[in-house]
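**Q** Residue numbering for the sequence shown is 922 to 1346, as defined by our numbering.
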Amino acid sequence: MKKILLTCLGLCLCLGMVWAQDRMITGRVTAAEDGTPLPGVNVIVKGTSNGTVTDVEGKYSLSVPQGATTLAFSFIGLQSQDVEVGARAVIDVQMKQDVTQLNEIVVTGYGEQEVKGITGSVVRVGSENISQIPIADVSRTLQGNVAGLFSTGASGSPGAATQVRIRGIGSAVASAEPLYVVDGIAIQTGDLSSNTATANALANLNPNDIENVIVLKDAAATAQYGSRASNGVILITTKSGKIGATQINVNAQYGLSDQAYQKYERLNAEEYVMLRKEAYLNSGGDPAGADDFAGSAAIETDWYDVIFRTGKTQSYDVSAQGGDQKTQFFVSGGYFKQEGITIHTSLERFSARFNVDHQATEKFKMGLNFAPSYSKQISTSDGSNFNSLVLQSMLLPPNAPVRNEDGILLRRFFRCPRREFSRCQ
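#1: Beta strand (DSSP E) containing I1192: first to last residue?
#2: Taking buried to mean at least 16 other C-beta atoms within 10 Å of its own C-beta, is V1154 buried or exposed?
#3: In the DSSP assignment, find the alpha helix (DSSP H) that holds V1227 and state where it starts and stops.
#4: Taking the C-alpha atoms as reference points, what is the distance between N998 and A952?
#5: Could you tell me if F1285 is buried or exposed, where buried requires 16 or more neighbouring beta carbons within 10 angstroms of its beta carbon?
#6: Residues in the same chain with beta-carbon distance under 8 angstroms from V1311, minus the five sequence neighbours each way, listed in chain order, please.
#7: Which of helix, strand or coil does DSSP assign to R1061?
#8: Could you pull out every residue in the same chain whose Cβ sits closer than 7 angstroms to the Cβ of G1244, ignoring the five residues on either side in sequence?
#9: Do the CB positions of K967 and T947 come within less than 7 angstroms of each other?
#10: Run the CB neighbour count on E1326, radius 10 Å, all protein chains shown included, and call it buried at 16 or more, exposed below.
#11: Which residues bound the alpha helix (DSSP H) around V1311?
#12: Going by C-alpha to C-alpha distance, which of G1216, A1173, Y1225 sits closest to Y1182?
#13: Straight-line CA distance for V1044 to I1135?
#14: Are the C-beta atoms of F1214 and some chain B residue less than 7 angstroms apart?
#15: Going by the beta-carbon positions, is the gap between L1123 and S1060 smaller than 7 angstroms?
#16: Can you round the beta-carbon distance between G1102 and I1157 to whole angstroms, since I take them to be within the 8 angstroms contact cut?
#17: Taking E1005 as the reference, which of T1167, V977, G988, D1130 has the closest Cα?
#18: My output table needs one value for D1278: the three-state DSSP class, helix, strand or coil.
#19: For N1066, collect the residues of the same chain with a Cβ closer than 7 angstroms to its Cβ; drop the 5 residues on either side in sequence, then sort them by chain order.
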């Protein structure tokens, strides 16, 4: 009987020692910004090789040996944390983004490199800079964010082509436009119109679908693209799915725009009639016909107010992204409309995007990028063209009505040949 009691007592002591050596700790890892679960986070007992990773819901369970005092949590793009274990059995952790780590790796051509290993001149512009303002063309956001890059619009018309110059102009004859590459595919950009107004291919790309823009500026960075990259390369990477629970984002923006300069002074109807009479008499005209030549000052038309208006911009986007260890997806839909500061100028765009990546096997990965877009641009002649609205506001007589007595738009001034303009008044 005494031997049996001693044996039982020995077994109890052994079990107690085993229990004292290891204990199970569980918990959940979430993002500090929005509380979403973070899958794939490394959880390691500091000072040992014992560890695990969080699942799709951000949960983990880890057997911790006796004497272990700290758990280390780490993940690419997040700030690492060391958490004291103490006597706790449940440890929940919130992790913050580490912008420094996110910028250490950039896409350069057909691969990825760390910033410290790049010898060429490379600049990265993230989505946080692109989505700040509602714009029709992503190239307009590069101005002021990339040193050595100059961006200017060909006109103020919505959807107009943008001229981008990287480190100046390399040729007096050939094109100075950089090469644009969207998700690894080179695209045709620039002016797509056949008249004096400009149309831009990049206006069909929704800026809110862009993850980042990489600008390759010198020969060392652009060498793999050959002669096409003589003026630099702009790499555009669209958003893709991320491992984790599905996240739905809704973005709505509205803005107003007006002329950057004050209204210029011009003649009113009375002054215009007086000067026309004076010009008629100075040219040797019959004084009896001066009133007929000059017209009446009874009608006062401010063509500046007729042509110019307050521009409106509205942008609405809905997107969803998520996935697991094998499949990640990103889907979005957007609507954008911009009305210019002159009448009959606008851009309306409907866009959608569906990006999916699937890891079929360990060595085989497939993906699909589908991005239909429909845009409608209404524009007028630009610059110093005789049909330009701005030039017409200076040339049309202030004593001419916009519409006739029947309310129909008066077109005789617009159909008049330039050399016979005075005869149409």
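Where is the CB? At the ideal position from N, CA and C, for every residue including glycine. These numbers were taken from a predicted model, which means no experiment stands behind them.
**A** This is what the structure holds:
#1: Correcting the residue identity first, residue 1192 is Glu in this sequence and not Ile. Segment 1190 to 1203 is the alpha helix (DSSP H) holding E1192; no beta strand (DSSP E) there.
#2: buried
#3: 1224 to 1228
#4: Checking the displayed sequence, the identity of residue 998 turns out to be Gly instead of Asn. Distance between the alpha carbons of G998 and A952: 12 angstroms.
#5: exposed
#6: I1228, T1263
#7: helix
#8: G1162, K1163, I1164, F1250
#9: no
#10: exposed
#11: 1310 to 1316
#12: Y1225
#13: 6 angstroms
#14: Note that chain B does not occur in the displayed structure, where there is just one protein chain.
#15: yes
#16: Checking the sequence, you will find Val at residue 1102 rather than Gly. Rounded, the Cβ-Cβ distance is 7 angstroms, consistent with contact.
#17: G988
#18: strand
#19: V1046, N1050
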